[in-house]
Structure formats: C-alpha cells, structure tokens
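Here's the structure, in structure tokens; my notes come after.
Residue numbers (the numbering used here): 11 to 117.
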C-alpha cells in the first residue's frame, strides 16, 4: 500500500479532487484533515498558511498515475505531492485497496 499526502487551500478543494481521484479508481480512499498549519518558503519569504491535508491510499501500481492526476488537476502551481512507499497495513485492508483501485472496483 502507498500513501500520497497532498495539501490544499481548503477542505472543499481537497474533497473535490479526492472525489475525482476516487471516480478514476486511482485511490481506494482519501482522508481529509482540516486545520493544518503550513510554513514554507514562497516568493523569497516565509509563508504561514492554513491548509487542508488529503491522504490518499492506493496500490503501488496506481501511485504514478495518481500523482500525475493530482498534479494535473491541483489548483496550486507547485503542489506538494509526497509519496510514502510500502506503508504497512493489515492484509484485509491491503486487499480492499487492491480491489477498489481496479477499473471495475469491487462491484
């Protein structure tokens, strides 16, 4: 299982992109965490912004396509798309991730 972490300006933006990702079967689920405070360099100075974090769970075979989709549809010029490789999970959850990221899903 792979986790991909991405920040957004709002929960609405995160949910909109998460829904599109799920409809494309690029991830089995997305957790949206509001209230993230991000400090980062931007345009020569340190920015301090409220953001929302989305955590996508997918299989290794879908990770690159997921990242490309997010990069194409994300509203930021330079979105932080961070992949956490080989995240361990219980076997039943990993099987569910695999089933839900196929073209037909679990239907």
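Even glycine gets a Cβ: it sits at the ideal position worked out from N, Cα and C. Being a predicted model, the structure only gives us computed values, none of them experimental.
- Comparing alpha carbon positions, the residue from 18, 13, 34, 112 closest to residue 63 is 18.
- From the listed residues 49, 85, 69, the smallest Cα separation to residue 26 is found for 85.
- When C-beta atoms of the region 42-57 are compared with those of the region 92-100, fewer than three pairs fall below 8 Å, so the two segments do not count as touching.
- Residue 59 counts as exposed, since fewer than 16 other C-beta atoms from the protein chains shown sit within 10 angstroms of its C-beta.
- Counting along the chain, the unbroken alpha helix (DSSP H) around residue 76 starts and ends at 73-83.
- Between the C-alpha atoms of residue 69 and residue 30 there is a straight-line separation of about 17 Å.
- Under the DSSP assignment, residue 31 falls in the alpha helix (DSSP H) whose first and last residues are 21-33.
- Of the candidates 11, 22, 35, 97, 35 places its Cα closest to the Cα of residue 75.
- Assignment of residue 70 by DSSP, reduced to helix, strand and coil, places it in the helix class.
- According to the DSSP assignment, residue 104 belongs to no beta strand (DSSP E) but to the alpha helix (DSSP H) extending over 101-110.
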